Amino acid sequence: MKKREIMRIMIGLILLVSFLSIPFISPVKQYISIPNQVTLFEKQESYALPTLAGSVPSSDKEEDQNVTQAFSNQVFPKRPGKSSLIYEFAGLPLKKVNVEVLEDLKVVPGGQSIGVRLHTLGVLVVGHHLIPTDQGKVSPGEESGIKVGDILLEINGKEIKKVEQVASILEKEEGKKLNVKVKRNEKTFTTTLEPQYDKQDAKYRLGLYIRDSAAGIGTMTFYHPDTKRYGALGHVISDMDTRKPIEIHDGKLVKSNVTSIDKGQNGMPGEKNAEFSVEDKSIGNITRNSPFGIFGKLNENVKNDVMDKPMPIALSNQVKEGPAQILTVLEGEKVEKFDVEIVSSVPQKHPSTKGMIIKITDDKLLKETGGIVQGMSGSPIIQDGKLVGAITHVFVNDSTSGYGVHIEWMLQEAGIDIYKNDGQQKAS
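Each residue of the sequence shown is one higher than the last, beginning at 1 in full-length UniProt numbering.
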């Protein structure tokens, strides 16, 4: 290899190393760490912007000073609105930071163990079965193209909400062909279904296993004292057979009583065992089952007897790595506070279910549960006196840790618009 080529390669390597080293040069690192956008709430404490050697953020515009006030690198929210701050050096602008101050918002954290009863939209197909007939074993439902996970909405133009309605129609029509309206994912279609006579049970059947309701337990995350809107669970409720999210017609929320806990261990998540009756007094309805939890309105305010006063929330870009607490129930209906650590938090511009990684650090909670267990989903996460999110999933290979969802996405799903329709994307 010629000397000239060797020199060219060495110069290239030197330039590459120099380029890769730029982010680690102190002033450049400081500049990169300055955010382009900061969102704050009125009546909350100041926000500390990163410092930049020889420069502090300021604004000379009166309209900006009416919304925020800057002192050194501290930004103080004054009233709702938008403003901007400029980093200057020697009279020259270096970087602009847009600041938005939102209206004050406080919610009451939950932690209560809740029982959930959902009624599906239509009736859900959870399986096929063969009917013994004189011509052999057949499944009319499967032959008609109906699949597991489909939802039966109408039969012969009649809306279907309960399994009993399907049985009544079969008895009335006595084997006649049925026109069935079916929903599959986002599409709706109509198919013909011909019931077959079950010679063993002496009844006409469809060859389908169907279900119209589901039940389970979870944890309340928050409620808004002014509107009574609440959020719980932090994740979608899926059908245990189809593994698909349940599309709901309506639902009921009741109090539940934790009777015991199956301790979790690596490779095998634990579980809260709780009891409730669907006949119990409802504490609220369920109108939405989404990737971010279940939502509706409470009939009355509920207490956890630990943190019952409304508290501010933290947006995803305000959550810090470090100590925090969760509220949850280990026995009966008693809500307790336990220590956790926020291992990581991702500032999210768009709704996402996995925004934080949470590790249980509380000795009592680890001794009783082994970490995060099923039924703990929705347990509110508190940091520095603010509600920041909810526990959602446990890591199968590490029961002490799991995912959390940021509270701002649950608030949006509950119909609480913290941005006042300024174009922020709605969670879905």
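C-beta atoms are modelled at their ideal positions from N, C-alpha and C, and glycine is treated no differently.
Being a predicted model, the structure only gives us computed values, none of them experimental.
Quiz item: Alpha carbon to alpha carbon, what distance is there between Val396 and Ile358?
Solution: Counted from its first residue, the sequence shown places residue 358 at position 358. Counted from its first residue, the sequence shown places residue 396 at position 396. Looking at the two C-alpha atoms, the distance is approximately 14 Å.
Exercise. Please determine if the region 241-260 and the region 352-369 are in contact, where contact requires at least 3 C-beta pairs separated by less than 8 Å.
Key: no
Quiz item: Hey, out of Glu368, Thr51 and Glu164, whose CA is closest to Ile210's CA?
Solution: For this step, residue 210 is matched to residue 210 along the sequence shown. The option with the nearest alpha carbon to Ile210 is Glu164.
Quiz item: DSSP on Met376, reduced to helix/strand/coil?
Solution: Residue 376 sits at position 376 when you count from the first residue of the sequence shown. Three-state DSSP puts Met376 in coil, outside helix and strand.
Self-check item: Beta-carbon contacts of Gly402 that lie in its chain and below 8 Å, excluding the five residues immediately before and after
Solution: For this step, residue 402 is matched to residue 402 along the sequence shown. In chain order, Ile357, Ile358, Gly371, Ile372, Ile391, Thr392, His393, Val394 and Phe395 place their CB closer than 8 Å to the CB of Gly402, counting only its own chain and leaving out the 5 sequence neighbours on each side.
Practice problem: Could you tell me whether the Cβ atoms of Gly270 and Thr369 are closer together than 7 Å? | Solution: Here residue 270 refers to the residue found at position 270 when the sequence shown is read from its first residue. Here residue 369 refers to the residue found at position 369 when the sequence shown is read from its first residue. Against a cut-off of 7 Å, the Cβ pair of Thr369 and Gly270 comes out as a contact.
Quiz item: Under the rule that 16 or more other beta-carbon atoms within 10 Å means buried, what is Ala202, buried or exposed?
Solution: Position 202 of the sequence shown holds residue 202. Per the 10 Å Cβ criterion, exposed.
Exercise. Using a threshold of 7 Å, state whether the C-beta atoms of Gly231 and Phe222 are closer than that.
Key: Here the question's residue 231 lines up with position 231 in the sequence shown. Here the question's residue 222 lines up with position 222 in the sequence shown. Contact flag set, yes.
Quiz item: What residue does the alpha helix (DSSP H) around Gln135 start on, and which one ends it?
Solution: One-based indexing of the sequence shown puts residue 135 at position 135. Run containing Gln135: none; DSSP gives neither H nor E here.
Self-check item: Limits of the unbroken alpha helix (DSSP H) element including Ser168
Solution: Position 168 of the sequence shown holds residue 168. Element bounds for Ser168: Val163 to Glu173.
Exercise. Between the Cα of Glu194 and those of Leu94, Asp150, Glu45 and Glu143, spot the shortest distance and give me the residue it belongs to.
Key: The residue you call residue 194 lines up with position 194 of the sequence shown. Comparing Cα positions, the closest option is Glu143.
Quiz item: Helix or strand or just coil, what does DSSP make of Leu366?
Solution: Here residue 366 corresponds to residue number 366 of the sequence shown, with the count starting at 1. Helix at Leu366.
Quiz prompt | Buried/exposed call for Gln37, threshold 16 Cβ in 10 Å | solution = Position 37 of the sequence shown holds residue 37. Label assigned to Gln37: exposed.
Exercise. For Leu233, name the three-state secondary structure that DSSP assigns.
Key: Stepping through the sequence shown from its first residue, residue 233 is reached at position 233. Coil.
Quiz item: Using DSSP with H/G/I as helix, E/B as strand and the rest coil, what is Pro57?
Solution: As a first step, residue 57 must be located in the sequence shown, where it is residue number 57. Pro57 falls in the strand class under three-state DSSP.
Practice problem: Please classify Ile416: does DSSP put it in a helix, a strand, or coil? | Solution: Your numbering for residue 416 matches position 416 in the sequence shown. Looking at Ile416 - three-state DSSP - the assignment turns out to be coil, as it is neither helix nor strand.
Quiz prompt | Close beta carbons around Phe276, own chain, < 6 Å, minus the five adjacent residues each side | solution = By one-based count along the sequence shown, residue 276 stands at place 276. Contacts found: Gly115, Val254 and Ser256.
Quiz item: Secondary structure at Lys426, three-state DSSP: helix, strand or coil?
Solution: In the sequence shown, counting from the first residue as 1, residue 426 sits at position 426. Model confidence at Lys426 stands at a pLDDT of 40, short of 50, so the residue's coordinates are unreliable; what they give is reported in the following sentence. Three-state DSSP puts Lys426 in coil, outside helix and strand.
Exercise. Write down the C-beta distance between Val97 and Pro35 rounded to the nearest angstrom, noting that I regard them as a contact closer than 8 Å.
Key: Here residue 97 corresponds to residue number 97 of the sequence shown, with the count starting at 1. Here residue 35 corresponds to residue number 35 of the sequence shown, with the count starting at 1. Right, their Cβ atoms sit about 6 Å apart.
Quiz item: Thinking just about the alpha-carbon of each residue, which of Gly145, Glu103, Gly157 and Lys82 is nearest to the one in Gly207?
Solution: The sequence position of residue 207 within the sequence shown is 207, counting from 1. Looking at the Cα atoms, Gly145 is the closest of the given residues.
Self-check item: Cutoff 6 Å; reference Thr39; Cβ partners in own chain excluding five residues on either side
Solution: Position 39 of the sequence shown, counting from 1, holds the residue named residue 39. Correct list, in chain order: Glu100 and Leu315.
Practice problem: Take every Cβ of the region 305-322, pair it with every Cβ of the region 105-120, and state whether three or more of those distances are shorter than 8 Å. | Solution: yes
Exercise. Spatial neighbours of Lys263 within its chain, please: CB distance less than 7 Å, with the 5 preceding and 5 following residues excluded, ordered by chain position.
Key: Translated into positions along the sequence shown, residue 263 becomes position 263. The answer, listed in chain order, is Gly270, Thr369 and Gly370.
Quiz item: Which parts of the region 206-280 are runs of the alpha helix (DSSP H), unbroken and 4 residues or longer, counting only runs that do not cross its ends?
Solution: none
Quiz item: Counting along the chain, where does the beta strand (DSSP E) carrying Gly141 start and finish?
Solution: In the sequence shown, the residue the question calls residue 141 occupies position 141. For Gly141, there is no enclosing beta strand (DSSP E); the enclosing alpha helix (DSSP H) covers residues Pro140 to Glu143.
Exercise. Identify whether Ser46 lies in helix, strand or coil by the three-state DSSP scheme.
Key: Position 46 of the sequence shown holds residue 46. In the structure shown, Ser46 sits in coil (DSSP, three-state: anything other than H, G, I, E or B).
Self-check item: Which of helix, strand or coil DSSP assigns to Met307
Solution: By one-based count along the sequence shown, residue 307 stands at place 307. DSSP places Met307 in coil when its eight states are reduced to three.
Quiz item: Residues in its own chain within less than 6 Å of Lys95 by CB, not counting five upstream and five downstream?
Solution: Within the sequence shown, numbered from 1, the residue matching residue 95 stands at position 95. Cβ neighbours of Lys95 beyond the five flanking positions: Ile34 and Tyr87.
Quiz item: When you compare only the Cα positions, how much space is there between Leu118 and Asn179?
Solution: For the purposes of this step, residue 118 is taken as the residue at position 118 of the sequence shown. For the purposes of this step, residue 179 is taken as the residue at position 179 of the sequence shown. Rounded to the nearest angstrom, the two C-alpha atoms are 27 Å apart.
Quiz prompt | Where Leu411 sits in the DSSP three-state scheme | solution = Residue mapping note: residue 411 aligns to position 411 of the sequence shown, counting from 1. DSSP places Leu411 in helix when its eight states are reduced to three.
Practice problem: Would you list the residues sitting across from Thr191 in a DSSP beta bridge? | Solution: Counting from 1 along the sequence shown, the entry for residue 191 is found at position 191. Answer is Val180.
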